[in-house]
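All remarks here apply to the structure that follows.
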Amino acid sequence: TQGTWMSVDVSPDGQAIVFDLLGDLYVMPISGGTARNIASGVAWDMQPKWSPDGTKIAFTSDRGGGDNLWVMDADGANPVQLSDEKFRLLTQPEWTPDGEYVVGRKHFTSSRSLGAGEMWMYHRSGGGAGVQLTERRTQQKDTGEPAFSPDGRYLYFSDDVTPGMVFEYSKDPNGEIYAIQRLDRETGEIEKFLGGPGGSIRPTPSPDGKSLAFIRRVRFQSVLYVMDLETGRETPVYEALDRDMQETWAIHGVYPTISWTPDSRALVFWAGGGIKRLDVASKTATDIPFRVTDTRRVADTVRATVDVAPAQFDVKMVRWARTAPDGSKVVFEALGNLWIRDLADGSAGAPRRLTRQSDHFELYPAWSRDSRSIVYTTWNDSELGTVRVIPASGGTGRVVTRNPGHYLEPTFSPDGRTIVYRTSSDNDLRNPLWSQSPGIYRVATAGGEAEFVTDDGSSPQFGASNDRFFYSGREGTNRALKSVDLDGDNERTHLTSEWAAEFAVSPDERFIGWTERFNAYVAPFARTGRAVSIGAEGKALPQTRVTRDAGEWLHWSGDSSRLQWSLGSQLFQRDLNQTFTFVEGAPDELPKPAESGIEIGFRQASEVPEGRLVLTGARLITMNGDQVIEDGVVLVEGNRITAIGPRASVTVPADATVMDMAGKTIMPGLIDAHWHGSMGSDEIIPQQSRINYGSLAFGVTTIHDPSNDTSEIFAHAELARAGRVVAPRIFSTGTILYGAATGFTAQVNSYDDALSNLRRMQAAGAFSVKSYNQPRRDQRQQIIGAARELGMTVVPEGGSLFQHNMTMIVDGHTTIEHSVPVARMYDDVRQLWSQTGTAYNPTVVVAFGGNWGENYWYAESNVWENERLGQYVPRRTLDARSRRRVVSPENEWNHISVTREARALNDLGVPVLIGAHGQREGLGSHWDIWSFAQGGMTPIQALRTATINPAKAMGMDRDLGSLEVGKLADLVVLDANPLDNIRNTTSIAFTIANGRVYDAGMNEVGRRERPRAPFWFEGADGEAWSAGASAAESHSHGED
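Each residue of the sequence shown is one higher than the one before, starting from 9 at the first, in our numbering.
This is how it looks when you write it as structure tokens:
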């Protein structure tokens, strides 16, 4: 009897209503009653519209794989697909008044999956590719909700008219976001018809042609208006609509369709969970009651079980694997150091360190052409970086650069006498000193003064010549392979590519390898005197894809006969005579790309503290149900809880380190299930990350990041697991499985494609993937299927798309990431969701649909004065975000409605999780917890969103989420009880992560005393800022 976001249409004879509800279509008398299903099944059908003669119904359906326009008989028989798009999907059908055509909104995306809309028209027979009616103004601003004047001359539509070319979230609906435009189908002219403050959406002309119904915001409330088309008078007629979606992304319409009765005297629409009939003259609204008794078929939720802290782990994030030119060895970085393994007969010998030092990280190794020397860079947080050369036999690296710096990508000239390298600026994770002049430089291998070459490009590499090198640059929006001489002169552009990420020129300059959308390709390197375009679908020259799933760190054998690369911990090699039939020695049939390579990773012991730790006298909020233990004792051995209970029930070992916690409260460490933040930049991992320290200082002991740089975050995770850096437990999806058109698009056009993409992420160390706005439902379903086969978790980008969110739940996604954009979810959604295993992470601080939640917390307190936070955020970074604040009336704080709906779902058994999105180091997790309390959760419920709920949702509850024997010793010690006041969650005295105890300043205490080193901004260099740097403070929705 209640429904959410229902499109409604009145039949031409005024006797019936058709509407959608949870992906099915229903018909009932206009007076109401029991609705009859006319379109059902696994397919998601929505937005029904009667044809002018009442014999047909147009609708949107994904029954062909993705959203397209369909037409069927009024009783649901004989469905016909009108549009057949695989990427530019269509929604929001509208009939032309003569009944010959159906117009819909076609979705166009570029580098952001947000995209823009155009109106396209299709013949009712289903033939043809459609006729374009409007052209998008930008690549990111939405257009939709087509509606015809009764005579068919004019097409009205809603249009995002905010300034600029880039879509922005959290816009102000008191100003003008949307306007109603009008296309004259005789002249082709488009004019702004209706707009101004509050916006104007959902144009709906009356059948008599005298009026136009539309919706506008009035002090945040969505209000239904009627405009007299003769006089221009605009009259509010109904003020209790649900909130429209002007502030967010609305590819399915800014408000569900509304409809006039044939006599133009009444409007029928959805609001408040029901269907309303409004007499326009009297402004009297009555309910049209409906009842739906139906079922939905849902898939089991996919969810991996995670071994959070095994005694040993496989090192998978092997970076810069480089085979010696003579093929005898491979050098690579893992766990912050360079390693060497001998290669023979398709296998690798035992790994051994290249150096013996432990004071800096080692990066970017590259061989000399004679295989006798290796050049590499280093990083130390206080001393910065160097470029060094070391014999392949190992020892101590010799520094060849005179000044400290931020050094990357060193490479030898063929004769070994010159080293070319790149320097960079950084975000504020690293000390910005010595970063003012980024570019490519050269220095003599013997050492000396460095010479600037060019400020353009990256990844320098030599071919056959000693006096000229290649590098990766840009030509417009395309990647380009360029070359320049050692003085920076005579620049040439050799290749361009729309999507290439990495180039590798063979030493003899006869072949080129490149990566594109994660896979590696090889082709002859043709010289024409001008740029040659290459790409995965290139036809100009013979080319071959050499990887099955992915490859990176491309490099060549010394004799140019073999292209080599790595994926995760495996090294791959492909001879040219196994790649092209024209190469001497090639077989008649070339082999397929290899499924596996040479294993060069290794097993590493996880870091575990020694000895026993006892915490006595505290209140224990165990999160084991509602259990709270007063005057409790926790015994930790190594990194696990071995005893817990009231003081009298736990024996304290004589050899234990005892910490008196009388008067304090202990709860499980926080698990931020949607965390973001920089783990490094330019592949340099800081030895001490201010962001990770900040998270721990605020009690966040486990993070799951559903979008990060793959190599940086998994490298950082392995460093933390091995005890080489201090950080929360780090889990991630790595790079998202992106559906928009970019260089990192994850192409999923088959189940095999989905398997390939998930194998790629699994090889890097992921147990989860983020299905990020893959446009078609069948693509998302293929990813789910692949995850079931491989034992992985799928956390989808919610995308501010209510209808797609519902299909994600039905199809068995692990979670919904980001808030469902509707202001209220009614009984239909609650009944459906509560009968699945899908968890909900609304990322409250950046929730879709309105003013971001973080704005409330910046306005509510002087965040820049938070002393704990100030230890981990540079003053300039913190001031820039916190001192000028957004202030709103109480009813405009969107996070309140989001958390109210989350509480309702939580009460029905849906696991609700915190996910602070990286908006403010550690503190944002508490903002989420506090917001849930504002939405009506009890303190214990709010605490569950940060502890046991995410542990269960992410398959980690065997080890995390509650204080129980056998679980990991990740705890937060509070000075005040959060059950009395939820704001006490930040009264943190100690954070205990993996059994190690840290005080408020992140100095290790307890079983081991180890003070924290100062961050760069805490000293004399604190005001420095590299001109090309950016703050590593938060994560936006920039990839949407």
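C-beta atoms are modelled at their ideal positions from N, C-alpha and C, and glycine is treated no differently.
Tell whether a beta-carbon distance below 9 Å holds between residue i and residue j.
i, j, result
"Asp978", "Asn1002", "yes"
"Leu343", "Val316", "no"
"Leu877", "His260", "no"
"Val828", "Gly806", "yes"
"Asp271", "Gly40", "no"
"Ile922", "Asn849", "yes"
"Trp901", "Gly944", "no"
"His826", "Thr844", "no"
"His414", "Ile692", "yes"
"Thr718", "Met769", "yes"
"Gly203", "Tyr186", "yes"
"Ala664", "Arg620", "yes"
Return the CA-CA distance between residue i and residue j, expressed in angstroms with no decimal places.
i, j, result
"Arg330", "Ile792", "35 Å"
"Lys57", "Pro154", "12 Å"
"Met173", "Arg144", "11 Å"
"Asn874", "Pro440", "24 Å"
"Ser466", "Arg785", "38 Å"
"Gly281", "Leu678", "36 Å"
"Arg311", "Val803", "10 Å"
"Ala762", "Gln790", "6 Å"
"Asp567", "Pro515", "7 Å"
"Arg889", "Tyr429", "35 Å"
"Gly484", "Ser432", "21 Å"
"Ser178", "Leu913", "24 Å"
"Ser366", "Ala728", "15 Å"
"Thr999", "Glu417", "38 Å"
"Asn388", "Gln695", "7 Å"
"Thr650", "Gly731", "22 Å"
"Gly207", "Asp167", "10 Å"
"Tyr162", "Gln189", "10 Å"
"Glu184", "Arg224", "10 Å"
"Pro714", "Ala795", "15 Å"
"Pro60", "Gly240", "27 Å"
Looking at the strands, I want to know which residues DSSP matches up with residue i.
i, result
"Val854", "Paired residue(s): none; Val854 is not in a bridge."
"His131", "Tyr109"
"Tyr233", "Phe222, Pro244"
"Lys179", "Answer by DSSP bridge pairing: none, since Lys179 is not bridged."
"His563", "Gln572"
"Gln140", "Trp128"
"Tyr449", "Tyr429, Phe460"
"Gln612", "Phe321"
"His712", "Phe739"
By DSSP, does residue i sit in helix, in strand, or in coil?
i, result
"Val339", "strand"
"Thr822", "coil"
"Thr673", "strand"
"Gly155", "With the sequence shown as reference, residue 155 is identified as Ala, and Gly is not the correct amino acid for it. Of the three classes helix, strand and coil, the one that applies to Ala155 here is strand, per DSSP."
"Asp887", "helix"
"Ala584", "Sequence check: residue 584 is Leu here, not Ala. Here Leu584 sits in helix by DSSP."
"Ser764", "helix"
"Asp639", "strand"
"Leu489", "strand"
"Glu1017", "coil"
"Gly533", "It is worth fixing the name first, because residue 533 is Phe in this sequence and not Gly. Phe533 falls in the coil class under three-state DSSP."
"Val1005", "strand"
"Ile817", "helix"
"Glu370", "strand"
"Leu931", "helix"
Exercise. Do the region 90 to 104 and the region 129 to 139 meet, that is, are 3 or more Cβ pairs less than 8 Å apart?
Worked result: yes
Exercise. At a cut of 8 Å, does the region 344 to 360 reach the region 740 to 755 through at least three beta carbon pairs?
Worked result: no
For this session: Report yes or no: do the region 542 to 550 and the region 515 to 526 share at least 3 C-beta pairs separated by less than 8 Å?
Result: yes
Exercise. Are the region 615 to 631 and the region 655 to 672 touching, with three or more C-beta to C-beta distances below 8 Å?
Worked result: yes
Exercise. How about the region 591 to 598 and the region 926 to 943: do they share at least three Cβ pairs that are nearer than 8 Å?
Worked result: no
Exercise. Any chance the region 61 to 75 sits against the region 95 to 108, with 3 or more Cβ pairs inside 8 Å?
Worked result: yes
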